[in-house]
Amino acid sequence: MKAIVFDRFGDTDVLHEADIEVPQPGPGQVRVRVKAAGVNALDGKTRSGMLEAVYPTTFPAVPGGELAGVVDALGEGVTDVQVGDEVLGWSDTGSYAQYALATTVAPKPAGLDWQDAAALPVASKTAERVLNLLGVAAGETVLMHGASGGVGTLAIQLATAAEHASSPPQAPPTRTTSPRSAPPRPCTARAWSSG
Numbered sequence: 009m010k011a012i013v014f015d016r017f018g019d020t021d022v023l024h025e026a027d028i029e030v031p032q033p034g035p036g037q038v039r040v041r042v043k044a045a046g047v048n049a050l051d052g053k054t055r056s057g058m059l060e061a062v063y064p065t066t067f068p069a070v071p072g073g074e075l076a077g078v079v080d081a082l083g084e085g086v087t088d089v090q091v092g093d094e095v096l097g098w099s100d101t102g103s104y105a106q107y108a109l110a111t112t113v114a115p116k117p118a119g120l121d122w123q124d125a126a127a128l129p130v131a132s133k134t135a136e137r138v139l140n141l142l143g144v145a146a147g148e149t150v151l152m153h154g155a156s157g158g159v160g161t162l163a164i165q166l167a168t169a170a171e172h173a174s175s176p177p178q179a180p181p182t183r184t185t186s187p188r189s190a191p192p193r194p195c196t197a198r199a200w201s202s203g
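Position in the sequence shown (first residue = 1) + 8 = this note's numbering.
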């Protein structure tokens, strides 16, 4: 398969196209035919070697943590996702490739295009974590100053949905092998912009 890889640390000039083996899903994983990959600051920091102590890199490395695509193979024990499902989630093997393995995926909403779907995992999880850390109680007001980016926009939506739901929503439901954090408590969200 085709993938974008890097064989050494450096700037964007170390990225190049390569033919690599199609990954095979292990227990609890799905293989996704990637339609779109998210690009984040973490990708550049990993590629530069800045995070080597935290995220050890094996070369050649495929960057990219976020993906959107179609499930095309299931690992042992996967029962809640089917081949052909359209999903978004976090790549276990790098998303700058035709195929990637994932342990954590969520259904892609039908009206959402692939590029927007690939941009949701990090922003939605960050928004959910911020709301959890704030610990806002029902009836309290949250002022989200300048909430116009991905995280802010999703934080407003999650907080507003929590206010009107019988049980607070979380970021898109996922199938994951790691424990999830608690959902935000219901609150009133207000956005304010000076411009």
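Backbone N, C-alpha and C fix where the C-beta goes; we use that ideal spot for every residue, glycine too. Quantities reported herein were computed from a predicted structural model and do not represent experimental measurements.
Counting along the chain, where does the beta strand (DSSP E) carrying residue i start and finish?
i: R55; result: It is not in any beta strand (DSSP E) - R55 instead sits in the alpha helix (DSSP H) that spans A49 to S56.
i: D215; result: The chain is shown from 9 up to 203; residue 215 falls before or after that span and cannot be answered.
i: E25; result: L23 to D27
Would you kindly work out how many angstroms separate the C-alpha atoms of residue i and residue j, rounded to a whole number?
i: V89; j: A118; result: 16 Å
i: P180; j: K43; result: With a pLDDT of only 48 at P180, under 50, the local geometry of the prediction cannot be trusted, and the value read off the model is given with reservation. If you take the alpha carbons of P180 and K43, they lie about 19 Å apart.
i: K10; j: H24; result: 10 Å
i: D15; j: E136; result: 35 Å
i: G85; j: G92; result: 17 Å
i: P64; j: G18; result: 15 Å
i: K155; j: L142; result: Looking at the sequence provided, one finds Ala at residue 155 rather than Lys. If you take the alpha carbons of A155 and L142, they lie about 16 Å apart.
i: A26; j: V13; result: 7 Å
i: V22; j: D80; result: 30 Å
Is the Cβ-Cβ distance between residue i and residue j less than 7 Å?
i: S103; j: L75; result: yes
i: R39; j: P33; result: yes
i: P71; j: D100; result: no
i: L139; j: L96; result: no
i: G36; j: T111; result: yes
i: L82; j: P31; result: no
i: L162; j: A131; result: yes
i: W158; j: M152; result: First, the amino acid is wrong: residue 158 is Gly here, not Trp. Not a contact, by the Cβ cut-off of 7 Å.
i: G77; j: W98; result: no
i: V150; j: A167; result: yes
Using the rule of at least 16 other Cβ atoms within 10 Å of the residue's Cβ for burial, across every protein chain shown, is residue i buried or exposed?
i: T54; result: buried
i: V62; result: exposed
i: A69; result: buried
i: A114; result: buried
If I follow the unbroken alpha helix (DSSP H) through residue i, where does it start and stop?
i: T134; result: L128 to L142
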